[in-house]
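Quick note, the sequences are listed as chains A and B, same order. Sequence positions in the first sequence follow the numbering used here and run 1 to 334. Sequence positions in the second sequence follow the numbering used here and run 1001 to 1316.
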Amino acid sequence: MSLMAITTKQDKDGATGQSGRPSLPVRRSRDRFAGRAFFLITLLPMVLIVLITLALVARSWPILRNNSLWELLTGQVWLPMQGLFGFLPFIAGTFWVTIAAVVLAVPPCLLTSIYLSEYAHNSTRTVMKPLLDLLAAIPSVVYGVWGMIAIVPWVHNTLHPLFDRWLGFIPLFRSDNPTGFSVLAGGIVLAVMIAPFIIAVTYEVMATVQQGLKEASLAVGATRWQTIKFAVLPHSLPGIVAGIVLGSSRALGETMAVLMVVGNVVKVPGSLFDPAYPLPALIANNYGEMMSIPLYDSALLSAALILLVIVMVFNIASTLILRRIMGRVRRAWA
Amino acid sequence: MKKIYRFMLAALLVTLLASACGSKTPGEGQQGTITISGAFALYPMMTRWGEEYQKLYPKVQFDISAGGAGKGMADALGGAVDIGMVSRDVTPDEESQGAYWVAVTKDAVFPVINQKNPVVKDLMAQGLTQEAFARLFISGETKTWGELVGKPEITDKVHVYTRSDSCGAADTWAKYLGAKQENLLGIGVFGDPGLLDAIVKDPLGIGYNNLNYAFDMTSSKPITGVAIVPIDVNANGNADPDEILGTKTEALDAIASNKYPSPPARLLNLVTKGKPSGIVQTFIEWILTDGQQFLSEAGYIPLTPEQLDTFLKKIR
Chain A
1 MSLMAITTKQ
11 DKDGATGQSG
21 RPSLPVRRSR
31 DRFAGRAFFL
41 ITLLPMVLIV
51 LITLALVARS
61 WPILRNNSLW
71 ELLTGQVWLP
81 MQGLFGFLPF
91 IAGTFWVTIA
101 AVVLAVPPCL
111 LTSIYLSEYA
121 HNSTRTVMKP
131 LLDLLAAIPS
141 VVYGVWGMIA
151 IVPWVHNTLH
161 PLFDRWLGFI
171 PLFRSDNPTG
181 FSVLAGGIVL
191 AVMIAPFIIA
201 VTYEVMATVQ
211 QGLKEASLAV
221 GATRWQTIKF
231 AVLPHSLPGI
241 VAGIVLGSSR
251 ALGETMAVLM
261 VVGNVVKVPG
271 SLFDPAYPLP
281 ALIANNYGEM
291 MSIPLYDSAL
301 LSAALILLVI
311 VMVFNIASTL
321 ILRRIMGRVR
331 RAWA
Chain B
1001 MKKIYRFMLA
1011 ALLVTLLASA
1021 CGSKTPGEGQ
1031 QGTITISGAF
1041 ALYPMMTRWG
1051 EEYQKLYPKV
1061 QFDISAGGAG
1071 KGMADALGGA
1081 VDIGMVSRDV
1091 TPDEESQGAY
1101 WVAVTKDAVF
1111 PVINQKNPVV
1121 KDLMAQGLTQ
1131 EAFARLFISG
1141 ETKTWGELVG
1151 KPEITDKVHV
1161 YTRSDSCGAA
1171 DTWAKYLGAK
1181 QENLLGIGVF
1191 GDPGLLDAIV
1201 KDPLGIGYNN
1211 LNYAFDMTSS
1221 KPITGVAIVP
1231 IDVNANGNAD
1241 PDEILGTKTE
1251 ALDAIASNKY
1261 PSPPARLLNL
1271 VTKGKPSGIV
1281 QTFIEWILTD
1291 GQQFLSEAGY
1301 IPLTPEQLDT
1311 FLKKIR
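Okay, here's the thing in structure tokens:
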């Protein structure tokens, strides 16, 4: 407070402007300075990403030099002691778990957002929203413990026998791993973890659809559901896609909760009930052994690099898709 | 500046000693912080040693954390801590990077099954040989519990569990079966408590645990819900009395008398980067001498006098 007072006083004393404010050139140069400073700070994360990527490439170099990239990416055998580094099981595990989580999470999340933005009472909304946000604040290791205590036994005792009996003829549900530690357990835990993010984004988008649009739809005799279907949903499609992308990115990198329930077996999963071994779990599990086996640290950092590339490609691709959708929506409503 | 400081410290010490009529033990002047990280297996013992040492030298502070043998090794070699706790053998590769180690105590890894296992009686009567374990954990030839005990009519599948994190327990168990952790089959579960929990929940499961996780701290019996599979050391097809480990005391005796094979019994090591000096050296020396008396009550096995002698020579 006092500092501000002094500055103002100085400005006045300095007689820089008639109204008591600093003169225009001074304010302009301040403005320029602020702009540049903010630009530099904004640049920092970009620089950081580039630096991390470069460091990862440099550290993975020994293994990339000794093995062809194709062999590394498609190899299925992981025996570091014998110098065999096949990343395919880990890459496949990452995608299996992520896809399972997104498929499980998206439909209920969308329905929740629609309900909250279109149907719910104001009072319901004020209670539900903070509760949903709270889900995002729970540490991932807590989700992991919950997964081990509740979800793994549930998959083991209930889901697997059920699917085995009624849908066992479908390869997606057939497995000789009855332990419950599986892609599905990981997917369920992850789905709960990413749900608050998907709901937060999609809800915001649906809530900001112009009121006039909804009123117009209702005025011509549409029911609420028809209004949602023909006015709200098409208009919020880009936001829905963005929410799913955000959730998926989080799912791709989630480590602790997944690694505790997913089984960690180095094999490409063939069914929802097979165990999987995602890339982040590989890094977290074996970080401690980096010093003891030749080329191992290089292999683990290659795993980190692969994960980074997957997340980057996924994000860039989804941004491009988002742009196209937004263009189409805009054209349709123009 | 440093010299003046030292001089003042010496002067202070002399005054203190004079005023205390020289009644205190030498080493009075020890002060500083010792940082330690690593194996879960050694963590409880290390906190105890830290407490006892502080009683003797109140100016020595300890900063102890558990994070697995691999972390202990990586931290010690990377200079993040003074001492790494490593519950497996130190590899030549690690030694070439400057790992200097001494063993301070012994414990063991035990094969565990669920108490409701369909063939639990046969297993407790027959035990399992090294080859039988290898057929489960390494080659995966044995698929059912019936095959394992020679009762083909029992077709319940064996659910093999292993540790997912790189750790001393898995390394030691794999070594017993003539392999490495990466060769162990089975569902990978994180951490000692996680693996134990999986076995408690799965009647058809088999896994392995550290001594202090397999047995209950207070009752000395195996943790409720699990049983320790006797290792048929002499492969006579029978679990002999000294092969059956029903209580922690029996297990401790079996390890101490070398009746329990090694591996899966193992030395627990302390690793420093290069030969230690100063308070770190004095502390490790104390562990190998006076510190050994606290092992038994905490559920660890003291080293033999010859072993202690070897490692004392190594650290001095």
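Glycine is no exception: its CB is placed at the ideal position from the N, C-alpha and C atoms.
Taking one C-beta from the stretch 57 to 74 of chain A and one from the stretch 142 to 152 of chain A each time, how about it: are there three or more such pairs within less than 8 Å?
no
With three or more beta-carbon pairs closer than 8 Å as the criterion, would you say the stretch 234 to 242 of chain A touches the stretch 170 to 187 of chain A?
no
Scan the stretch 208 to 274 of chain A and note each continuous alpha helix (DSSP H) run of 4 residues or more that stays entirely inside, going in chain order.
211 to 219, 224 to 227, 233 to 253 and 256 to 261
B/Val-1060 to B/Ile-1284 span [Cα, whole Å]:
On the second sequence, position 60 is the one that residue 1060 of chain B refers to. On the second sequence, position 284 is the one that residue 1284 of chain B refers to. C-alpha separation (whole angstroms): 13 Å.
Output yes if chain B places a C-beta closer than 8 Å to the C-beta of A/Asn-285; else output no.
Position 285 of the first sequence, counted from the first residue, corresponds to residue 285 of chain A. Cβ-Cβ to chain B under 8 Å: yes for A/Asn-285.
Quick one: what's got a C-beta closer than 7 Å to B/Phe-1311's C-beta in the same chain, skipping five residues either side?
Counting from 1 along the second sequence, the entry for residue 1311 of chain B is found at position 311. Within the same chain, B/Phe-1311 has close Cβ partners Val-1102, Ala-1103 and Leu-1288.
Where B/Asp-1197 meets chain A, residues with beta-carbon distance less than 9 Å
Here residue 1197 of chain B refers to the residue found at position 197 of the second sequence. Going along chain A in sequence order, the residues near B/Asp-1197 (Cβ under 9 Å) are Met-148 and Ile-149.
Would you say the stretch 275 to 286 of chain A touches the stretch 1163 to 1172 of chain B, given that touching needs at least three Cβ pairs under 8 Å?
yes
Distance, Cα to Cα, A/Val-311 vs A/Ile-240?
Taking the first sequence and counting its residues from 1, one reaches residue 311 of chain A at position 311. Taking the first sequence and counting its residues from 1, one reaches residue 240 of chain A at position 240. The alpha-carbon atoms of A/Val-311 and A/Ile-240 are separated by roughly 19 Å.
Just curious, the alpha helix (DSSP H) that B/Pro-1193 is in, first and last residue?
Walking along the second sequence from the start, residue 1193 of chain B turns up at place 193. B/Pro-1193 -> alpha helix (DSSP H) spans 1192 to 1201.
Measuring straight from C-alpha to C-alpha, what distance separates A/Gly-93 and A/Leu-48?
The residue you call residue 93 of chain A lines up with position 93 of the first sequence. The residue you call residue 48 of chain A lines up with position 48 of the first sequence. Taking the straight line joining both Cα atoms gives about 28 Å.
Rounded to whole angstroms, what is the Cα-Cα separation between B/Leu-1252 and A/Gly-86?
As a position in the second sequence, residue 1252 of chain B is number 252, starting the count at 1. As a position in the first sequence, residue 86 of chain A is number 86, starting the count at 1. Distance between the alpha carbons of B/Leu-1252 and A/Gly-86 is about 42 Å.
Run through the stretch 1132 to 1163 of chain B for me and flag every whole alpha helix (DSSP H) of 4 or more residues, listed as ranges in chain order.
1145 to 1149
Which residues, taken in chain order from the stretch 1181 to 1208 of chain B, show a beta carbon closer than 9 Å to some beta carbon of chain A?
Gln-1181, Glu-1182, Asn-1183, Leu-1185, Gly-1186, Ile-1187, Gly-1188, Val-1189, Phe-1190, Gly-1191, Gly-1194, Asp-1197, Ala-1198, Lys-1201, Asp-1202, Leu-1204 and Gly-1205
What is the residue span of the beta strand (DSSP E) that B/Arg-1266 lies within?
On the second sequence, position 266 is the one that residue 1266 of chain B refers to. Segment 1265 to 1273, the beta strand (DSSP E) holding B/Arg-1266.
For B/Ser-1219, would you say it is in contact with chain A, using Cβ-to-Cβ distances shorter than 8 Å as the test?
Residue 1219 of chain B sits at position 219 when you count from the first residue of the second sequence. No, because no Cβ of chain A sits closer than 8 Å to the Cβ of B/Ser-1219.
To the nearest angstrom, report how far apart B/Thr-1144 and B/Tyr-1176 are at their CA atoms.
As a first step, residue 1144 of chain B is located in the second sequence; it is residue number 144 there, counting from the start. As a first step, residue 1176 of chain B is located in the second sequence; it is residue number 176 there, counting from the start. The straight-line gap from Cα to Cα measures roughly 22 Å.
Which partner residues of A/Trp-78 appear in the DSSP bridge assignment?
Here residue 78 of chain A refers to the residue found at position 78 of the first sequence. According to DSSP, which records beta bridges pairwise, A/Trp-78 is partnered with A/Phe-85.
Under 8 Å, Cβ to Cβ, is there at least one residue of chain C near B/Ser-1096?
Going by chain labels, chain C is absent from the structure shown, which instead holds the protein chains A and B.
Let's see if you can read the secondary structure: which residues bound the beta strand (DSSP E) around A/Tyr-277?
Walking along the first sequence from the start, residue 277 of chain A turns up at place 277. No beta strand (DSSP E) holds A/Tyr-277; DSSP gives it neither H nor E.
Where B/Asp-1309 falls: helix, strand or coil (DSSP):
The residue you call residue 1309 of chain B lines up with position 309 of the second sequence. Three-state result, B/Asp-1309: helix.
Quick one: residues in its chain with C-beta nearer than 7 Å to the C-beta of A/Gly-168, no 5 flanking neighbours on either side, listed in chain order?
Numbered from 1 along the first sequence, position 168 holds the residue referred to as residue 168 of chain A. Taken in chain order, the residues that qualify are Arg-174.
For a test of the three-state rule: what should DSSP assign to B/Ile-1064, helix, strand or coil?
Reading the second sequence from its first residue, position 64 is the one you call residue 1064 of chain B. If DSSP states are grouped into helix, strand and coil, B/Ile-1064 belongs with the strands.
Based on DSSP bridge pairs, tell me the residues matched to B/Lys-1106.
Here the question's residue 1106 of chain B lines up with position 106 in the second sequence. Bridge partners of B/Lys-1106: B/Leu-1267 and B/Ile-1301.
Less than 8 Å between CB atoms is the rule here; does A/Met-193 satisfy it with respect to chain B?
For the purposes of this step, residue 193 of chain A is identified with residue 193 of the first sequence, where counting begins at 1. Output row for A/Met-193: interface = no.
In chain A, which residues lie with their C-beta within 9 Å of the C-beta of B/Lys-1157?
As a working note, residue 1157 of chain B is residue 157 in the second sequence. Here the neighbours are Asp-176 and Pro-178.
Determine the chain B residues that contact A/Val-335 at a beta-carbon separation under 9 Å, and present them in chain order.
Residue 335 of chain A lies beyond the range of chain A shown here (1 to 334); nothing can be said about it.
What whole-angstrom Cβ distance do A/Ala-120 and A/Ala-195 have, given they're in contact under 8 Å?
By 1-based counting over the first sequence, the position of residue 120 of chain A is 120. By 1-based counting over the first sequence, the position of residue 195 of chain A is 195. That pair is no contact at about 17 Å.
Close-in-space but distant-in-sequence residues of the same chain around A/Ala-100 (CB under 6 Å, 5 per side omitted)
By one-based count along the first sequence, residue 100 of chain A stands at place 100. Only Val-183 and Gly-187 meet the Cβ criterion.
Between the stretch 260 to 276 of chain A and chain B, which residues of the former have a C-beta closer than 7 Å to a C-beta of the latter?
Met-260, Gly-263, Asn-264, Val-265 and Pro-275
Mind listing the chain B neighbours of A/Pro-80? Cutoff is C-beta to C-beta under 7 Å, in chain order.
As a position in the first sequence, residue 80 of chain A is number 80, starting the count at 1. The answer, in chain order, is Glu-1182.
C-beta atoms of A/Val-258 and A/Val-97 nearer than 8 Å
Walking along the first sequence from the start, residue 258 of chain A turns up at place 258. Walking along the first sequence from the start, residue 97 of chain A turns up at place 97. In this structure, A/Val-97 lies closer than 8 Å to A/Val-258 by Cβ.
Verify the CB distance criterion: does A/Pro-45 have a CB-CB separation below 8 Å to chain B?
Residue numbering aside, residue 45 of chain A sits at position 45 when the first sequence is read from its first letter. Taking Cβ atoms only, chain B never reaches closer than 8 Å to A/Pro-45, which makes this a no.
Could you tell me which chain B residues have their CB closer than 9 Å to the CB of A/Phe-181, listed as they occur along the chain?
Locating residue 181 of chain A in the first sequence gives position 181, counting from the first residue. Correct list: Tyr-1161, Ile-1187, Gly-1188, Val-1189 and Ala-1198.
Taking buried to mean at least 16 other C-beta atoms within 10 Å of its own C-beta, is B/Ala-1020 buried or exposed?
As a first step, residue 1020 of chain B must be located in the second sequence, where it is residue number 20. Residue placement at B/Ala-1020 cannot be trusted, given a pLDDT of 42 that sits under 50; the coordinates are not used to answer.
In chain B, which residues lie less than 7 Å from A/Pro-62 when you measure between Cβ atoms?
Reading the first sequence from its first residue, position 62 is the one you call residue 62 of chain A. Residues of chain B passing the Cβ test: none, with the nearest at roughly 15 Å.
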